[in-house]
Amino acid sequence: MSITYQSRNGIEYGKIDGRSYRKNGTVYKEKQIYLGRVIDKDKHVFYNRQKGVFIYDEANDAYLEADDSYSVKLEDDGRKKQKLSLDFGDSFFIDSLIRSIGYDQVIDAIDYRNKDTLRAMISFYTLNDYALAHALTWYKGNFASILYPKANLVSQRLSDFLHTLGDDFRQRQYFKAHIGWLKTNVCDDPAIIVDSTGLPNDIDTYLSDISNHNGIRSNEIRMTTAVQRDSGYPLLYRLSPGNINDISILSRTIATLEEYDVNTDIALLDAGYYTNENVDSLCKAHIDFVSRLPERNSTLYEYVLSKCLDHLERKENLIEYNKRYIYISSTDVKIGSMNKYPARAYLGLDVARRSDETYKAVKRAGKDNSQTNQMHKKFQSAGLFIIISTLPYKDEDILPVYYARQMIEQYYDISKGISRLIPLRVHSEESIRGHCLLSQIAATLNLTIQKKIGNSFNQREELFLSLRNQKCDVYKNRIITTEAQSGANEFYDKFKIECPMAFKKQGDILIPQKDLNRRHDCDQIIL
Numbered sequence: 020m021s022i023t024y025q026s027r028n029g030i031e032y033g034k035i036d037g038r039s040y041r042k043n044g045t046v047y048k049e050k051q052i053y054l055g056r057v058i059d060k061d062k063h064v065f066y067n068r069q070k071g072v073f074i075y076d077e078a079n080d081a082y083l084e085a086d087d088s089y090s091v092k093l094e095d096d097g098r099k100k101q102k103l104s105l106d107f108g109d110s111f112f113i114d115s116l117i118r119s120i121g122y123d124q125v126i127d128a129i130d131y132r133n134k135d136t137l138r139a140m141i142s143f144y145t146l147n148d149y150a151l152a153h154a155l156t157w158y159k160g161n162f163a164s165i166l167y168p169k170a171n172l173v174s175q176r177l178s179d180f181l182h183t184l185g186d187d188f189r190q191r192q193y194f195k196a197h198i199g200w201l202k203t204n205v206c207d208d209p210a211i212i213v214d215s216t217g218l219p220n221d222i223d224t225y226l227s228d229i230s231n232h233n234g235i236r237s238n239e240i241r242m243t244t245a246v247q248r249d250s251g252y253p254l255l256y257r258l259s260p261g262n263i264n265d266i267s268i269l270s271r272t273i274a275t276l277e278e279y280d281v282n283t284d285i286a287l288l289d290a291g292y293y294t295n296e297n298v299d300s301l302c303k304a305h306i307d308f309v310s311r312l313p314e315r316n317s318t319l320y321e322y323v324l325s326k327c328l329d330h331l332e333r334k335e336n337l338i339e340y341n342k343r344y345i346y347i348s349s350t351d352v353k354i355g356s357m358n359k360y361p362a363r364a365y366l367g368l369d370v371a372r373r374s375d376e377t378y379k380a381v382k383r384a385g386k387d388n389s390q391t392n393q394m395h396k397k398f399q400s401a402g403l404f405i406i407i408s409t410l411p412y413k414d415e416d417i418l419p420v421y422y423a424r425q426m427i428e429q430y431y432d433i434s435k436g437i438s439r440l441i442p443l444r445v446h447s448e449e450s451i452r453g454h455c456l457l458s459q460i461a462a463t464l465n466l467t468i469q470k471k472i473g474n475s476f477n478q479r480e481e482l483f484l485s486l487r488n489q490k491c492d493v494y495k496n497r498i499i500t501t502e503a504q505s506g507a508n509e510f511y512d513k514f515k516i517e518c519p520m521a522f523k524k525q526g527d528i529l530i531p532q533k534d535l536n537r538r539h540d541c542d543q544i545i546l
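In structure tokens form, the structure reads like this:
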């Protein structure tokens with residue numbers, strides 16, 4: 020069997036004719052195969068809707084993966100008409116923002132061959148929470164199809180795309196460039212915040228396992244993220260099986276950061292990371308830390324209570340923080356497996372939290388018939404917490420220092436809420452890593468936007484809706500933008516982005532036009 024070709028409307032298509040045979044006076048074709056549109060005739064590269072872009076191995080009758088540089092534009096095949104009006108402002112804004120903050124250098128460092136696919140998908144991740152199956156539909160109706168004309172967003176190819184982004188080389192290239200961009204353009208402080216979050220899924224990979232985190236069981240992947248303390252921007256992420264606890268993650272995360280020239284000098288940690296092993300490791304490396312003390316460390320916990328509890332509720336110990344009233348008292352302690360490292364312990368009593376925990380304990384008591392002595396212990400411990408610091412902060416300063424940790428919670432909110440981190444809609448370890456890479460890029464851009472317009476989700480939504488309402492009209496040699504609404508203009512001004520009146524097309528190159536240029540030949544609308 021051999022490949023035969025035929026042309027329709029100037030487009031060449033390929034197929035395998037197979038073997039003809041006659042039965043009951045009728046001619047039938049056996050093993051006839053429709054290959055689809057010819058992309059590269061010499062290399063037997065084809066496109067069809069079922070397989071996307073692929074290579075047909077004629078000798079072995081096999082379908083092989085095509086190079087990611089190949090793309091296909093269905094609008095050119097004579098069967099579909101190009102849209103004459105596209106959503107414009109949102110993708111134009113994201114593309115302009117990336118270049119204005121210099122993040123295009125980070126994207127280029129990923130070294131994905133089809134740069135248009137990568138940039139189109141970054142816009143898709145930043146602007147939408149649709150499933151990947153809708154990426155091509157979005158692309159066809161958006162100015163992204165003009166900005167990135169060689170992008171290949173056919174769903175079958177997107178799985179290959181994520182898989183390629185997830186390989187170790189590109190992950191490391193991205194982290195190196197991203198951290199370099201942060202240190203140059205945002206903040207060079209080596210203070211970090213480390214925390215983990217679960218990514219629930221049922222994907223068949225070794226990364227997915229049963230997690231019992233804070234008493235909640237789920238099948239998930241554990242994602243650990245390091246965030247800059249002073250900027251709130253993410254540095255890098257690490258993925259581990261869901262059954263790995265936080266205790267064993269910290270040292271490896273700090274060691275990984277060192278490989279990207281982030282020499283951590285202070286870490287802000289949740290209670291899950293406080294163990295004697297981690298304390299020893301941090302103190303030996305001369306890395307200061309601030310962490311909440313878990314109650315499981317009963318010896319140190321009881322020691323701090325014995326030193327501070329009796330005189331805690333005094334007027335001079337009461338401070339106001341974020342509209343909450345908290346009593347704080349501190350004492351010197353020794354920490355680590357051998358109790359040899361000096362630190363400061365801060366006992367806190369959150370008045371509002373004590374009231375809330377007492378109320379909940381009373382409600383539960385009616386259900387489980389708790390004994391009086393058990394209730395007394397609950398009342399005594401309600402609202403109490405202990406913070407351990409290797410740096411001697413004043414009592415009134417420890418809460419602002421520790422609650423800088425909220426930055427990572429805000430980052431996870433951005434990642435999971437508006438940057439597509441969950442749900443996971445992929446099927447392999449490499450694709451998961453590629454998905455997480457795109458999500459971190461989207462979260463970095465969304466974080467940049469929020470820092471500029473304020474921490475309002477509604478403002479961000481209003482931004483993209485206002486920008487999406489600005490359209491553009493597509494002509495043969497020029498693209499003319501419609502008038503932006505007042506809301507969109509406000510955002511353009513805030514980010515110092517100038518929206519052109521039109522773009523002149525020279526092949527795949529777009530030349531912005533600020534003013535009206537008279538031409539001898541009129542534009543021809545595409546029909």
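Under this note's numbering, the first residue of the sequence shown carries the number 20, and numbering increases by one thereafter. We put the beta carbon where it would ideally sit given N, CA and C, even for glycine. The model shown is predicted, which means the values in this text are computed figures rather than measured ones.
Note on geometry: alpha-carbon atoms of Val352 and Asn336 lie some 19 Å from one another.
Taking C-beta atoms as the reference points, Thr294 and Tyr431 fail to come closer than 8 Å.
Residue state for Val281 is assigned as coil, using DSSP reduced to three classes.
Pro253 places its beta carbon 8 Å or farther from that of Thr243. The closest CA to that of Lys159, considering only Lys195, Ser110 and His182, is found on Ser110.
With respect to the C-alpha of Ile198, the residue from Ile126, Glu239 and Tyr167 having the closest C-alpha is Ile126. Of all alpha-carbon atoms in Arg383, Leu403, Ser348 and Ile306, the one lying nearest the alpha-carbon of Pro361 is that of Ile306. In this structure, Val64 places its C-beta atom within 8 Å of the C-beta atom of Tyr89.
Annotation note: the stretch 126–208 contains the following uninterrupted alpha helix (DSSP H) runs of length 4 or greater, listed N- to C-terminal: 134–146, 154–159, 163–166, 174–184 and 187–204. Within the same chain, and ignoring the five residues on either side of Gln190 in sequence, the residues whose Cβ sits closer than 7 Å to its Cβ are Arg452 and Leu456.
Closest in alpha carbon position to Gln69, among Glu321, Ala210, Cys491 and Val173, is Val173. For Gln532, same chain residues with a beta-carbon under 7 Å away, outside a window of 5 residues either side, are Pro519, Met520, Ala521, Phe522 and Lys523 in chain order. Each of Glu509, Ile347 and Tyr421 was checked against the Cα of Gln478, and the nearest Cα belongs to Glu509.
Here Cys327 is near Leu366, since their CB atoms are less than 8 Å apart. Pairing Phe188 with Arg257, the inter-Cα distance amounts to about 15 Å. Distances from the alpha-carbon of Gln175 to those of Asn67, Thr501 and Ile273 put Asn67 closest. When beta bridges are read from the DSSP output, Val352 appears opposite Ala362. DSSP places Ala507 inside the alpha helix (DSSP H), whose first and last residues are Ser505 to Lys513. Judged by DSSP in its simplified three-state form, Asn297 adopts helix. Taking the Cβ atoms as the reference, Arg439 lies roughly 26 Å from Ala423, outside the contact range of under 8 Å. Counting only unbroken stretches of 3 or more residues, no beta strand (DSSP E) element lies wholly within the stretch 428–452. The beta-carbon distance between Ser267 and Leu288, rounded to whole angstroms, is 14 Å. This is too long to meet the 8 Å contact definition. With a contact defined as Cβ atoms closer than 8 Å, His454 and Leu181 qualify at about 6 Å. DSSP links Thr216 through a beta bridge to Met242. The Cβ neighbour count for Arg315, taken over all protein chains shown within 10 Å, is under 16; the residue is labelled exposed. In the same chain as Asp130, and ignoring 5 residues on each side of it, the C-beta atoms closer than 7 Å to its own belong to Arg189 and Gln192, in chain order.
Annotation: the continuous alpha helix (DSSP H) that includes Pro419 extends over Ile417 to Tyr421. Here Tyr412 carries a coil assignment [DSSP, helix/strand/coil]. Less than 8 Å separates the beta-carbon of Val213 from that of Thr272. Contact between Ala196 and Ala128 holds, with the beta-carbon distance rounding to 4 Å and staying under 8 Å.
Rounded to the nearest whole angstrom, the C-alpha separation of Gly251 and Gln425 is 9 Å. By the beta-carbon neighbour count (other beta carbons within 10 angstroms, threshold 16), Asn171 is buried. Spatial neighbours of Leu105 in its own chain (CB-CB distance under 8 Å, excluding positions within 5 residues in sequence) are listed in chain order as Gly160, Asn161, Phe162, Ser164, Ile165, Lys490, Cys491 and Val493. Sequence-distant partners of Glu428 (beyond 5 residues in either direction) whose C-beta falls short of 8 Å from its own C-beta, in its chain, are Asp214.
In this structure Gln51 is in contact with Ile35, their Cβ atoms being roughly 6 Å apart against a cut-off of 8 Å.
The Cβ atoms of Ile22 and Leu464 do not sit closer than 8 Å to each other.
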